[in-house]
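Beneath this line is the structure, given in C-alpha cells, with notes to follow.
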Amino acid sequence: MIFHGAHWGVSSCKVSSTVVFHFTLWPLRVVNHLDDFMGIHECPASEMLNGEKVNTTEEVNASHFERETAGRVPITTHQKRVRAEDNRDDETLPTNLPAVSVAQRSAAALCALPLPEDFFNFWALCTSMNPQSPHEALLPVLGLELVGPFDLLRGRHKGFAVVTTCAEEEPIENAPNLDLHWRFYYDPPEFQTVAKGDAESQLHLGYYRDTPNELPVLVGLSSAQSGCSISVLGDNLFCAIRLLLLRQKREGRIKDRTKAEELERKLSQIGTELGYSTDQKSKSLKARDRKVVSRTFHGAGIVVPVDAQGVGYRELPESNASLQRMLAAIVKSEDDAARLQAFSPLVELSSLVEFANDEGDPGMGLELGLDLFLHGSEREAEEGERQEHQLRGESSTPSSCRQKLCMWSAHVDRGRSLDLKRTESCGPRKYLHKMSARFLNMAYSLLGRVRFGRIITAHLVTRLSSPTDQFADRRSK
Numbered sequence: 001m002i003f004h005g006a007h008w009g010v011s012s013c014k015v016s017s018t019v020v021f022h023f024t025l026w027p028l029r030v031v032n033h034l035d036d037f038m039g040i041h042e043c044p045a046s047e048m049l050n051g052e053k054v055n056t057t058e059e060v061n062a063s064h065f066e067r068e069t070a071g072r073v074p075i076t077t078h079q080k081r082v083r084a085e086d087n088r089d090d091e092t093l094p095t096n097l098p099a100v101s102v103a104q105r106s107a108a109a110l111c112a113l114p115l116p117e118d119f120f121n122f123w124a125l126c127t128s129m130n131p132q133s134p135h136e137a138l139l140p141v142l143g144l145e146l147v148g149p150f151d152l153l154r155g156r157h158k159g160f161a162v163v164t165t166c167a168e169e170e171p172i173e174n175a176p177n178l179d180l181h182w183r184f185y186y187d188p189p190e191f192q193t194v195a196k197g198d199a200e201s202q203l204h205l206g207y208y209r210d211t212p213n214e215l216p217v218l219v220g221l222s223s224a225q226s227g228c229s230i231s232v233l234g235d236n237l238f239c240a241i242r243l244l245l246l247r248q249k250r251e252g253r254i255k256d257r258t259k260a261e262e263l264e265r266k267l268s269q270i271g272t273e274l275g276y277s278t279d280q281k282s283k284s285l286k287a288r289d290r291k292v293v294s295r296t297f298h299g300a301g302i303v304v305p306v307d308a309q310g311v312g313y314r315e316l317p318e319s320n321a322s323l324q325r326m327l328a329a330i331v332k333s334e335d336d337a338a339r340l341q342a343f344s345p346l347v348e349l350s351s352l353v354e355f356a357n358d359e360g361d362p363g364m365g366l367e368l369g370l371d372l373f374l375h376g377s378e379r380e381a382e383e384g385e386r387q388e389h390q391l392r393g394e395s396s397t398p399s400s401c402r403q404k405l406c407m408w409s410a411h412v413d414r415g416r417s418l419d420l421k422r423t424e425s426c427g428p429r430k431y432l433h434k435m436s437a438r439f440l441n442m443a444y445s446l447l448g449r450v451r452f453g454r455i456i457t458a459h460l461v462t463r464l465s466s467p468t469d470q471f472a473d474r475r476s477k
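For the record, in the sequence shown the residue sitting at position 20 is 20 according to full-length UniProt numbering, with numbers rising by one throughout.
What follows is the structure in C-alpha cells.
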C-alpha cells in the first residue's frame, strides 16, 4: 500500500494489473492484485469503495468542511441558553469544540476502515479538555488512554511506512501494521481498539463492525485478562465513555468525584447536542439485535445475510457449554493419541461446516471459526510456557523471531495455504489456530468480508498474551 498526499476532485478507476483509486480528500492508494492463501482474487480496496458507504463518508466530510470554514463548531441556541443559566465561561463549558483538521482526517484514513463522525468529535472534545495531550484527557478520571486510530490523529505514524492487511507489496522491515496495533489476544477481526486501560486487566474499548466496509455498529468493552467477553456500551463513544464512568462510580472506583461529575456533564451535554444516542441499547442496536444469528463466545453477536427461506445461516448442533468442553478436551489432552481422539467430534463439525458452505450457509463456519479463536486455552499454554522460560532465564519469544513474524504478519501468504508451523519455534503449539483460520477465511470469503480474513491471518501468526504497540521500539523510515 502506497500513500500520497491528499488530492481534490474525483477520478474514475482504471482497470488494469494495478487499480488506482483517486477520490475526494482521501489518500491516493495503489493496490496490486494478489491472490491470498485462500485463492481470493478480490482487491481489498474495493471493499471500502462500494455501495452507499462512500456517499456516507462524503457526507461526513462535507459536514466537516462546513465547520472547518467557520473554524469552530457553531454554537446552538440551546448551548447559549445553558450558558446563560449556568453562568459558565468557555473554559468550563467547552461547547465550542476545536475542528479536526483535514490532515488529521486523511491520517485516520490510513487504517483503511471507515470511522464514524463520533470518533472525530470525541477527539475534539478531548482536545478541548487537554490541548497538549488529548489522548490522556480521560486518564485522571477513568485511567483510559486513547490509542489505535487516535494515534494517527496524534501523528505517531509520521516517519513510518505504515501498512495494513490491505497491503500486498513485499514486507517492509519494522513497518507498523495498523491492523495489529493494540489488538488484544481475544479481539476478533470485527473489533478495533480505540482506548486502553491498565496493563493488568487489559481493559480496552473498541469499535465493532459487522462488515469491514461499513461504519461500526457498536462500541464494546473487553477485559482480555478476564476472557473474550465483549460488553455493548452503546453505538457511539460519548455514550460508551459515559456508561463506563457510571459503572465505575457504582463500583466505587472513582477517586475524584468532582472531575468525574464534570466529565459526565460534558459527555452528556456535548453528545446530546451533537445528536448521539445516550442509550446503551439505541434504536440501531435494537434493530441489529433482530439480525444477530448467534452471540458466539464473545457475546456481541454476528450478523450474516439470511434470505426469506433461511439460507445464510444454520445452527451448530452443539451448545456453547458443550463446545467449550469439547475444545478443552483437545487442548488438555496428555498425549497425541488422546488428543487425536478428542479431535473426532470437531472433525464431524468440520464436515457439517463444509456442507453448510456448499449449501449457502456461511454463517455456521463463521460462528465455529470465531468460537475456536475465542476459546483461549492456548493463552493458558502460552502463559505456562512463558513462566517456564523465565525460570530458565530465557526469553519466551526471541526478538529476532518476533521481528520476522511481525514483518510477515501484515502480508498474505501468496498462493499458498497458511503454515502456522512457522510459529512453533516462537511459542506454544496452538492446536485450534489452523482450523480456526481455515473456517474463518472461507466464511469471510463467502460473505465478501475478505479484509477480516486477512486480519485474522495476521493476528494468528503473532498472537501473544499482551497487545502490541506497533509504533513502540521501531526505527523511523
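All residues carry an ideal CB built from backbone N, CA and C; glycine is no exception.
**Report entry** Alpha-carbon spacing of residue 296 relative to residue 302, whole angstroms
**Finding:** 7 Å
**Report entry** Range covered by the alpha helix (DSSP H) that runs through residue 373
**Finding:** 363 to 374
Query raised in the report: Thinking C-alpha only, which one of 333, 289, 106, 438 is nearest residue 151?
Result: 106
Query raised in the report: Does the beta carbon of residue 287 sit closer than 9 Å to a beta carbon anywhere in chain B?
Result: Protein chain content of the structure displayed is limited to a single chain, and chain B is not contained in it.
Query raised in the report: Using 8 Å as the Cβ pair cut-off and three pairs as the minimum, do the stretch 124 to 143 and the stretch 238 to 251 touch?
Result: yes
Query raised in the report: Secondary structure at residue 162, three-state DSSP: helix, strand or coil?
Result: coil
Query - Beta-carbon spacing of residue 526, residue 436 below 9 Å - result: Not covered by the structure: residue 526. The range shown for the chain is 1 to 477.
Query - Reference residue 212; option with closest CA among 114, 138, 259 - result: 114
Query raised in the report: Count the other CB atoms within 10 Å of the CB of residue 471; is the residue buried (16 or more) or exposed (fewer)?
Result: buried
Query raised in the report: So who's on the other strand from residue 116, going by DSSP bridges?
Result: The partner list for residue 116 (beta bridge, DSSP) is empty, contrary to what the question assumes.
Report task. Give a yes or no on whether the C-beta atoms belonging to residue 339 and residue 431 are separated by under 9 Å. Result -> yes
Requested in this report: Could you check which residue in 178, 224, 466, 260 has the C-alpha nearest to that of residue 149?
Outcome: 178
Query - Three-state secondary structure (DSSP) of residue 130 - result: coil
Query - Per-residue burial, residue 272 [other beta carbons within 10 Å of its own, 16 or more giving buried] - result: exposed
Query raised in the report: What residues are listed by DSSP as bridge partners for residue 302?
Result: 294
Requested in this report: Could you round the C-beta distance between residue 367 and residue 294 to whole angstroms and report it? I think they count as a contact, below 8 Å.
Outcome: 5 Å
Requested in this report: Out of 194, 180, 98, point me to the one whose CA is closest to residue 135's CA.
Outcome: 194
**Report entry** Expected contact under 8 Å - CB spacing of residue 232 and residue 280 to nearest Å
**Finding:** 7 Å
Report task. Give every residue of the same chain whose Cβ lies closer than 7 Å to the Cβ of residue 321, excluding the five residues on either side of it in the sequence, and list them in chain order. Result -> none
Query raised in the report: Helix or strand or just coil, what does DSSP make of residue 73?
Result: A caution first: residue 73 carries a pLDDT of 39, below 50, which makes its placement in the model unreliable, though a value can still be read off. Three-state result, residue 73: coil.
Query raised in the report: Are the Cβ atoms of residue 208 and residue 300 separated by less than 9 Å?
Result: yes
Query raised in the report: Exposed or buried, what is residue 199 when buried is set at 16 or more other beta-carbons lying within 10 Å of its beta-carbon?
Result: exposed
Requested in this report: With a threshold of 16 other CB atoms inside 10 Å of the CB of residue 85, please say whether the residue is buried or exposed.
Outcome: In this prediction, residue 85 has a pLDDT of 37, which is less than 50 and means its spatial position is unreliable; nothing more can be read from the coordinates.
Query raised in the report: Are there 16 or more other CB atoms within 10 angstroms of the CB of residue 258, so buried, or fewer, so exposed?
Result: exposed
Query raised in the report: Less than 9 Å separating the beta-carbons of residue 97 and residue 128?
Result: yes
**Report entry** residue 131, buried or exposed, once every other Cβ within 10 Å from all chains shown has been counted against 16
**Finding:** exposed
Query raised in the report: Taking the C-alpha atoms as reference points, what is the distance between residue 372 and residue 327?
Result: 8 Å
Report task. Hey, could you find the ends of the beta strand (DSSP E) residue 439 is sitting in? Result -> From DSSP, residue 439 is part of no beta strand (DSSP E) but of the alpha helix (DSSP H) over 433 to 446.
Query raised in the report: Could you give the distance in angstroms between the alpha-carbon of residue 157 and the alpha-carbon of residue 103?
Result: 13 Å
Query raised in the report: Is the beta carbon of residue 284 sitting closer than 9 Å to the one on residue 219?
Result: no
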